[in-house]
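What follows is a single structure, written as structure tokens, with notes after it.
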Amino acid sequence: MNPVKATKENIQKAAEIIKNGGTVAFPTETVYGLGADGLNPTAVAKIFEIKKRPTFNPLILHIDDKTKLNSICEINDVRIIKLTEAFWPGPLTLVLPKKSIVPEIVTADNPTVAVRIPKNKIAIELIKLSGCPVAAPSANLFNRLSPTKASHVYNQLGDAVDMILDGGDTEVGVESTIIEITGNNVFLLRPGGITKEQIEELLNCKIEVKQRTTDPNSPGQLPFHYSPRTPLKFLNEVDLVELRDKKIGAIFLKEQTLDFKFAQMVILSSKGNLREAAANMFSALHRLDGNNLDIILVEPIPETGLGLAMMDRLKKAAANFI
Ligand code: TXA
Ligand code: MG
């Protein structure tokens, strides 16, 4: 079904679909999610089927209120409270010891569950009306670009989803930051919308980056992922002279003065603002990917603040084409 506007009435219908074991794509502040009742294993299985994920990869449970956290996981560390107070609702996912009510299919049999409260009114209303935690990965096919518009979802998933709620462009544009706290250590499992620096400042400690690059249960942490179909490379790793006969799409962080005629060029943020650039990144990739280009070249972005999450996604996209 084509995306429908996220009116009160349609959100109500979407909640009924979720209650009845169906699937709904909905906006969050990061990217669009493909949601189902997180406590209903059959409904959750549909998510894997629709995304064509080859293995079960653990999903994030989305809740609408901090008081619900206690029903799905153990809160065994004061740092968890600090993080939720500072960054929820918002693009931060916490990996916490799960309670038995959470089905194995959600966590891919891990003893932990990933949870967040999204900062998007449509998402919150949908979760509230559904009356359950909503399991939702990004609403894209396995290994493809994450959606930041309802049309991105429809182009990839089409009629396989029971309803696509259109809430316009997502605000942050990259997925949530994933944090795991084990003993004394705080691990960054995926950089995202809340920066590593923000978390380090709040907790007053250094965060270790955990790379589980060989674990097929966590594609978000594999070195390749999030890919357009058009080959993507970094601008500093190619010889533009050799590529002069190719149809090149180029993505730059900010206005630039390079003397080269690209078939298409996108500036993510004219002043190089990382927040604006992150919000535009996936959309730029989708647009260029749909234009029959030979190659997409991307200017590397400084890996500080949101630049870390952006480069994480871009490096994974480029790793498909080495
Ligand atoms: O911004 C977001 O987080 C979006 C929106 C829809 O909320 N969701 C999203 O979900 O990006 P997904 O499934 O595309 O990515 C979730 C990541 C995966 O890499 C998964 O491996 C990791 O979270 N994850 C989930 N549960 C985990 C767990 N128990 N332990 C470690 N990693 C986990
Ligand atoms: Mg994803």
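Quick note: the sequence shown, position 222, residue 481 per our numbering, numbers continuous. Positions of the beta carbon are idealized from the N, C-alpha and C atoms, including for glycine.
DSSP places Asp571 within a helical segment (H, G or I) once states are collapsed to three.
For Val354, the enclosing beta strand (DSSP E) has its first and last residue at Leu351 to Pro356.
For the pair Leu328 and Ile334, the CB atoms are nearer than the 8 Å cut-off. When Cβ pairs closer than 8 Å are counted between the two stretches, the segment 488 to 500 is seen to touch the segment 552 to 562, the count reaching three or more. Between Asp425 and the set Asn379, Lys455, Gly452 and Asn444, the nearest pair of CA atoms involves Asn379. With 16 or more other Cβ atoms from the protein chains shown falling within 10 Å of its own Cβ, Ser405 counts as buried. In the DSSP assignment, Thr436 is bridged to Leu351. Counting the other CB atoms within 10 Å of its CB gives Lys358 a total below 16, which places it among the exposed residues. Going by beta carbons, Ser435 and Thr289 fall inside the 8 Å limit. The shortest C-alpha to C-alpha distance from Phe580 to any of Gln523, Phe541, Ser486 and Glu535 is the one to Ser486. For Pro559, the shortest separation between its Cβ and any heavy atom of the ligand MG does not lie below 7 Å. Exclusion of the five residues before and after Ala345 leaves Leu461 as the residues of its chain whose Cβ lies within less than 6 Å of its Cβ. Residue Ala398 holds the alpha-carbon nearest to the alpha-carbon of Met422 among Val445, Ala398 and Glu430. Shown here, Ile581 sits in coil according to DSSP, grouped into three states, outside any helix or strand. Around the CB of Met260, fewer than 16 other CB atoms lie within 10 Å, so the residue is classed as exposed. Glu501 is classed as exposed because its beta carbon has fewer than 16 other beta carbons within 10 Å across all chains shown.
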